[in-house]
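Engineer: The following block contains the structure, expressed as structure tokens.
Chains as they are written, first to last, in my numbering: chain A, 1 to 139; chain B, 1 to 92.
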């Protein structure tokens, strides 16, 4: 994986066991603008009893499959079965989820500028909503 | 999921390497340690015994010394007279 921009994994839960695909236009825009690039995509479904199963893109129902396939040129199997199992524990019963692995392509020129100027990115730390809420509450 | 089997998970690898590489977890760990040090009970206060304050020069004394210096510079007082009177004023 040579010279990728920053890579991020999102685990997004949907109620019910179907992917409505409404996030697809939003992702499509980001990809078309070269803001992000989808590296890997896999899905998880959990039934009412809490049993979870991983679902590959090609195993989705055809309309969902067609819609999600537009988002990714070439899937690399970077998300492992272990990831699917670990993340599935956080999933509510009778719901489904998408595991999205993407590259922040927008950040590449910035990353290169840092390196060219002799700088060193020491820490990259996403600040969670929970942390911001706690800080805001503390006044 | 045959294609995805057998390779290490991203989630666990990130969790493990974040500590090794000194990223977020390690940084927050160091910050937490510094906070703990700050909140530690304060060192016992050192008691200083205060020396009795030196007698301050009175304004009169300063005025007198100035007059004396003036007389000395004009040659009205000799060096010895000046020194003697000065010593007297300063109480030394």
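By construction, the Cβ of each residue, glycine as well, lies at the ideal position given by its N, Cα and C atoms.
(1) What residue from 47(A), 31(A) and 26(A) has the CA that sits closest to residue 73(A)'s CA?
(2) Starting from residue 83(A), find everything on chain B with Cβ-Cβ shorter than 7 Å and list it in chain order.
(3) First and last residue of the alpha helix (DSSP H) that includes residue 99(A)?
(4) Take residue 121(A) and list the residues in its own chain whose beta-carbon comes closer than 8 Å to its own, dropping the five residues that flank it on each side.
(5) Using the three-state DSSP reduction, which class does residue 5(B) fall into: helix, strand or coil?
(6) To the nearest angstrom, report how far apart residue 78(B) and residue 72(B) are at their CA atoms.
(7) Under 7 Å, CB to CB, which of the residues in the segment 47-66 of chain A have a partner in chain B?
(8) From this set, 51(A), 119(A) and 63(A), which residue's C-alpha is nearest residue 94(A)'s C-alpha?
(9) Which residues does DSSP pair with residue 46(A) in a beta bridge?
(10) Just verifying my parser: in three-state terms, what is the DSSP assignment at residue 132(A)?
(11) Rounded to whole angstroms, what's the CA-CA distance from residue 63(A) to residue 42(A)? Just pull it up for me.
(12) Do residue 69(A) and residue 13(A) count as a contact pair if the criterion is CB distance below 9 Å?
(13) What are the boundary residues of the beta strand (DSSP E) that residue 74(A) is part of?
(14) Which same chain residues end up closer than 7 Å to residue 8(A) when comparing Cβ atoms and leaving out the 5 residues on each side of it in sequence?
(15) From the DSSP output, read off the bridge partner residues of residue 37(A).
(16) By alpha-carbon positions, which one of 26(A), 23(A) and 109(A) ends up nearest to residue 117(A)?
(17) Taking any Cβ of chain B, which residues in the segment 67-99 of chain A have a Cβ under 7 Å from it, in chain order?
(18) Using the rule of at least 16 other Cβ atoms within 10 Å of the residue's Cβ for burial, across every protein chain shown, is residue 83(A) buried or exposed?
(19) With DSSP as the reference, label residue 89(A) as helix, strand or coil.
(20) Taking residue 55(A) and residue 45(A) to be in contact with their CB atoms under 8 Å, please state how far apart those CB atoms are, rounded to whole angstroms.
(21) Give me the Cβ distance between residue 77(A) and residue 3(B), rounded to the nearest whole Å; I'm assuming they're in contact under 8 Å.
Structural biologist: Let me lay it out:
(1) 31(A)
(2) 9, 10 and 11
(3) Element bounds for residue 99(A): not the alpha helix (DSSP H) but the beta strand (DSSP E), 95-103.
(4) 111 and 114
(5) coil
(6) 6 Å
(7) 54 and 56
(8) 51(A)
(9) 52(A) and 95(A)
(10) helix
(11) 16 Å
(12) no
(13) It is not in any beta strand (DSSP E) - residue 74(A) carries neither H nor E in the DSSP assignment.
(14) 102 and 104
(15) 103(A)
(16) 109(A)
(17) 77, 78, 79, 80, 81, 82, 83, 84, 86 and 87
(18) buried
(19) coil
(20) 6 Å
(21) 4 Å
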